[in-house]
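>
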Amino acid sequence: MLAEKVGCNEDDTVELIKCLQNKNYKELIEQNITPAKYHIAFGPVIDGDVIPDDPQILMEQGEFLNYEIMLGVNQGEGYKFVDGILDSEDRVTSNDFDFSISEFVDHLYGYPEGKDTLRETIKFMYTDWADRENPEMRRKTLVALFTDHQWVAPAVATADLHAQYGSPTYFYAFYHHCQSDMKPAWADSAHGDELPYVFGIPMIGP
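Start counting the sequence shown at 115; every next residue gets the next number (the numbering used here).
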């Protein structure tokens, strides 16, 4: 994506890299790269040096045995994925709820077989059956879906794998509702809200 945007269209990888290296850094960082939904534009690359192998393989080989790790999740990590779905009253309609789940499955599940079953299963799991007609509850459960997929599942898998080998592993769940001008009042502890507390900023005082 980036190479095409700056005019590097070489088929040969070596030539493509040379072309990119000859570009001014400003030209590279000014490009607007829009990744596919629920993906990131640029992720870590296994280069054999900084990242010598797949992190899961490295963990299974015991490469991190001597390290203590602490990781965790916030209650509303996925709120940004829901922000653009809300109606004028910050609620999620039944149609938007169904469409969001269908779109979620379409973007992340590459096989046509079983898609309908997967959609219905996710819909069932993330419907509050005691309050299913409540649009605010639909908003809450949709945030939970994106939070679970993007943050909770990977974090739990990483913590479990690290702990299997007896390495000290600490896991937190951050639920404190932080007031901020950068997010709506209904949003629970969103992505990044824990950082001031991790670094002790609330203890500094005004």
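Where is the CB? At the ideal position from N, CA and C, for every residue including glycine.
CA-CA distance, Leu309 and Asn138?
Spanning the two alpha carbons is a distance of roughly 34 Å.
> Rounded to the nearest angstrom, what separates Leu259 and Glu129 at their Cα positions?
Taking the straight line joining both Cα atoms gives about 42 Å.
> Taking the Cβ atom as the reference point for each residue, do Val187 and Trp243 lie within a distance shorter than 7 Å?
Not a contact, by the Cβ cut-off of 7 Å.
> How long is the line joining the alpha carbons of His305 and Gly190, rounded to whole angstroms?
Going from the Cα of His305 to the Cα of Gly190 covers about 7 Å.
> Can you give me the C-alpha to C-alpha distance between Ala277 and Gln175, rounded to a whole angstrom?
Rounded to whole angstroms, Ala277 to Gln175 spans 13 Å at the Cα level.
> With distances taken from CA atoms, which of Trp300, Val270 and Thr283 is nearest His291?
For His291, the nearest C-alpha among the options comes from Trp300.
> Tell me which same chain residues have a C-beta within less than 7 Å of the C-beta of Pro249, skipping the five on either side of it?
Cβ within range, chain order: Arg205, Val206 and Thr207.
> Taking Asn209 as part of the beta strand (DSSP E), name the residues at either end of that continuous run.
Premise fails: Asn209 lies in the alpha helix (DSSP H), Ser208 to Leu222, not in any beta strand (DSSP E).
> Using the rule of at least 16 other Cβ atoms within 10 Å of the residue's Cβ for burial, across every protein chain shown, is Thr261 buried or exposed?
Buried, by the Cβ-count rule.
> Considering only the alpha carbon of each residue, which of Leu232, Val164 and His263 lies closest to Asp212?
Nearest of Leu232, Val164 and His263 to Asp212, Cα basis: Leu232.
> Contact check, Leu179 vs Tyr284 under 8 Å by CB: the rounded distance?
With a Cβ gap of about 16 Å, Leu179 and Tyr284 do not count as contacting.
> Taking DSSP as the reference, what is the three-state secondary structure of Met239?
Residue state, collapsed to three classes: helix.
> So what does DSSP say about Leu134, is it helix, strand or coil?
It is helical.
> For Phe195 and Asn123, I'd like the C-alpha separation in whole angstroms.
So the two alpha carbons sit approximately 33 Å from each other.
> Is it the case that the Cβ atoms of Gln145 and Lys119 are separated by a distance below 7 Å?
In this structure, Lys119 lies closer than 7 Å to Gln145 by Cβ.
> Just the C-alpha distance for Leu275 and Met173, rounded to the nearest angstrom, thanks.
Near 7 Å, if we compare the C-alpha coordinates of Met173 and Leu275.
> Which residue from Leu116, Lys151 and Ile160 puts its Cα closest to that of Lys140?
Considering only alpha carbons, the answer is Leu116.
> If you reduce the DSSP assignment to three classes, tell me which class Leu185 lands in.
Of the three classes helix, strand and coil, the one that applies to Leu185 here is strand, per DSSP.
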